[in-house]
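Asks: 52 is the number of the first residue of the sequence shown in our numbering; add one for each residue after it.
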Amino acid sequence: TVRLVDWNVFDHRRSENATHVPGVWDSSVAGACFVRDGRLDFEQAIYARLKNELNIESLDVKSVRVTGLHSSREPDFSGMYSFLVDVNIEREKIEEVASSYVSEGKFADYAIVSYEELDDFIVEKFGDIKKFVCLDGCMTLLQSLDKDRFISTLKKLRDNGRDIKFGRLNHGRFEEYEN
Numbered sequence: 052t053v054r055l056v057d058w059n060v061f062d063h064r065r066s067e068n069a070t071h072v073p074g075v076w077d078s079s080v081a082g083a084c085f086v087r088d089g090r091l092d093f094e095q096a097i098y099a100r101l102k103n104e105l106n107i108e109s110l111d112v113k114s115v116r117v118t119g120l121h122s123s124r125e126p127d128f129s130g131m132y133s134f135l136v137d138v139n140i141e142r143e144k145i146e147e148v149a150s151s152y153v154s155e156g157k158f159a160d161y162a163i164v165s166y167e168e169l170d171d172f173i174v175e176k177f178g179d180i181k182k183f184v185c186l187d188g189c190m191t192l193l194q195s196l197d198k199d200r201f202i203s204t205l206k207k208l209r210d211n212g213r214d215i216k217f218g219r220l221n222h223g224r225f226e227e228y229e230n
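1. Should GLY156 be labelled buried (16 or more other beta-carbon atoms within 10 Å of its own) or exposed?
2. Looking at the strands, I want to know which residues DSSP matches up with SER133.
3. Starting from GLY74, trace the beta strand (DSSP E) both ways and give me its first and last residue.
4. With respect to the beta strand (DSSP E) encompassing ILE163, which residues constitute its N-terminal and C-terminal limits?
5. If you draw a straight line from the alpha carbon of SER78 to that of ASP187, how long is it in whole angstroms?
6. If we count the other Cβ atoms within 10 Å of its Cβ and call it buried at 16 or more, is ASN59 buried or exposed?
7. Considering only DSSP beta bridges, list what LEU220 is partnered with.
8. Taking the alpha helix (DSSP H) that VAL174 belongs to, which residues open and close that run?
9. Tell whether a beta-carbon distance below 8 Å holds between ARG219 and GLU226.
10. So is the beta-carbon of ALA149 under 7 Å away from any non-hydrogen atom of the ligand PLP?
11. Reducing DSSP to helix, strand and coil, say where PHE201 ends up.
12. Is the Cβ-Cβ distance between TYR161 and PHE61 less than 8 Å?
13. Considering only C-alpha positions, which residue in the set SER203, ILE140, ILE180, VAL148 is nearest to LEU55?
14. Hey, quick one: how far does the alpha helix (DSSP H) through ASN103 stretch, first residue to last?
15. Take ASP92 and list the residues in its own chain whose beta-carbon comes closer than 8 Å to its own, dropping the five residues that flank it on each side.
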């Protein structure tokens, strides 16, 4: 999740021509993290994605914080780390980049959402179980919320029929939290 200097959050809807989950809302940026010298290189992956997908330079990054780990069902079947990236970027700059990407067909759409309204945005874009969605994007945005808003939004998604389990790994086994 990319949070701008004014605390608004950038999000996008994937191109209809994307090879993976086309035409659906996703997170701010996403991508694979490669192994370098036997270790996952998260820092390189984050900065590469910010540059490649939103033209954000590493000098514009104020902070990067791991917000969670999640996996999902098809079509992803993946294990993903989620990050909250605070950047020194104004809304106008990111809108300029995103608008050009929409014109070029790289994005189908984009949204700049107030952090205070992010929970409602998540429910609106990912809550309808009749729609095909990118649950990796949903979880990335969801995990950027504070604990109370996370639990409240998770409940709304579940009330809509989304099967999302929340818990922790304990010695390699998933333990679901009661909430």
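Built from N, CA and C at the ideal position, the CB exists for glycine as well.
Replies: Straight from the coordinates:
1. exposed
2. GLY119
3. Per DSSP, GLY74 lies in no beta strand (DSSP E) and is assigned neither H nor E.
4. 158-165
5. 8 Å
6. buried
7. Partner(s): PHE225.
8. 169-177
9. yes
10. Judged by which ligands are present, the structure shown has none, so any question about the ligand PLP falls away.
11. helix
12. yes
13. The shortest C-alpha to C-alpha distance from LEU55 to any of SER203, ILE140, ILE180, VAL148 is the one to ILE140.
14. 93-105
15. CYS84, PHE85, VAL86
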